[in-house]
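The block underneath contains the structure these notes are about, expressed in structure tokens.
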Amino acid sequence: MKANWFSPELVALLLALAVVSCRPERAAEKPSTSASTNLQSFPVRGQIVSLAADGKTANIKHEEIPGYMGAMTMDFEARDTNELRGLAAGDQISFRLLVTDKDGWIDQVRKLETPKADPTTVAPRGIQIVRDVEPLDVGDPLPEYHFTNQFGQSFSTKDFKGRALAVTFVFTRCPFPTFCPRMTGGFAETQAKLLADKFAPTNWHLLTISFDPEFDTPAVLKSYGERNGCDPTHWTLATGALTDITALTEQLGLTFWRDTPNGLPNHNLRTAVFDVSGRMQTNYIGNQWTSEELAAEILKAATQPSGK
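According to our numbering, the sequence shown holds residues 325 to 632 in order.
The structure is reproduced here in structure tokens:
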């Protein structure tokens, strides 16, 4: 008589193990590509200069961010409006700065237990010599200014008459993705769209002017343009005398200044479009315009004067 080597209990156990071993392993969860693409984070301290009415934007004078950016005063956006709740101008804070290739925001905002600074003294501006100029409104002609392009050649804003002209302002050392890099990236995308449209008129031009002329020499601008896909037949990068640069930026509502003589420029953003007659058609405030919108404005400006 043969021995029964497998009791009912043992058979049940073996069957259970077989079922478990045949189940596919659960894949490990991976962070989303959008959240993890070149994401960098930096601890930062600073003082609030002002808070925007949208509840999510704070103008902050921040300390140097080692390995990323010098001390500056600039707007930062919090994706969660609760981050800025209860804060006021003059508060000293710590926060985390998060940046990707094309975006940047803050979180983990904490008010520091330190004396509150007078907001009127948080971001003193240096003295600049500027022209006495009037603001430009839609329909106003672009005044004549003289600049130097990325090849070291002089030119005048009057040289663009007969072409639609889009003008924006940057400095090449600006690292924050929603400021100068977004302006340059938007121009690159607009250039690509217009060049790809075989039915589009060709009488258009893009002009990027640096407000950091001491650093942004023609050679620096040429290299910057090459890195960003600049086609010189349709896109000029320019430097020039600070008085001329400041005059034009003042007329378009862009301001820039330095907290210290050797600091990086603090600034806001403007992008203007002028029609074939040299009159201003539109002036975008901030960074919310898209390359689709800008391309449409340029095509409109290339075919019809806005008049006044």
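Beta carbons: idealized from backbone N, C-alpha and C, even for Gly.
Item	Value
Inter-stretch contact (C-beta, 8 angstroms, three-pair minimum) for the segment 486-494 and the segment 532-543	yes
Bounding residues of the alpha helix (DSSP H) (the contiguous stretch that carries residue 482)	Counting along the chain, residue 482 falls outside any alpha helix (DSSP H), and DSSP gives it neither H nor E.
Helix, strand or coil at residue 431 according to DSSP, with G and I counted as helix	strand
Closest residue to residue 400 among 479, 427, 392 (Cα-Cα distance)	427
CA-to-CA distance, residue 610 to residue 518, given in whole angstroms	22 angstroms
Buried versus exposed call for residue 589 [16 or more other C-beta atoms within 10 Å across all chains shown]	buried
Residue 507: first and last residue of the uninterrupted alpha helix (DSSP H) it sits in	504-520
Close Cβ partners of residue 432 (< 7 angstroms) along its chain, the five nearest in sequence each way excluded	419, 420
Backbone CA spacing between residue 578 and residue 457 [nearest angstrom]	13 angstroms
Residue 531 vs residue 489 beta-carbon contact at 9 angstroms	yes
Check whether residue 417 and residue 434 have beta carbons under 9 angstroms apart	yes
Start-end ranges of the beta strand (DSSP E) lying completely within the segment 520-603, minimum 3 residues	528-534, 559-563, 594-598
For residue 397, the first and last residue of its enclosing beta strand (DSSP E)	396-401
Opening and closing residue of the beta strand (DSSP E) in which residue 426 lies	Here residue 426 belongs to no beta strand (DSSP E), and DSSP marks it neither H nor E.
Among 479, 468, 499, nearest to residue 391 - alpha-carbon criterion	499
Residue 620 - DSSP class collapsed to helix/strand/coil	helix
Same chain, Cβ closer than 6 angstroms to residue 429, neighbours up to 5 away in sequence not counted	401, 403, 422
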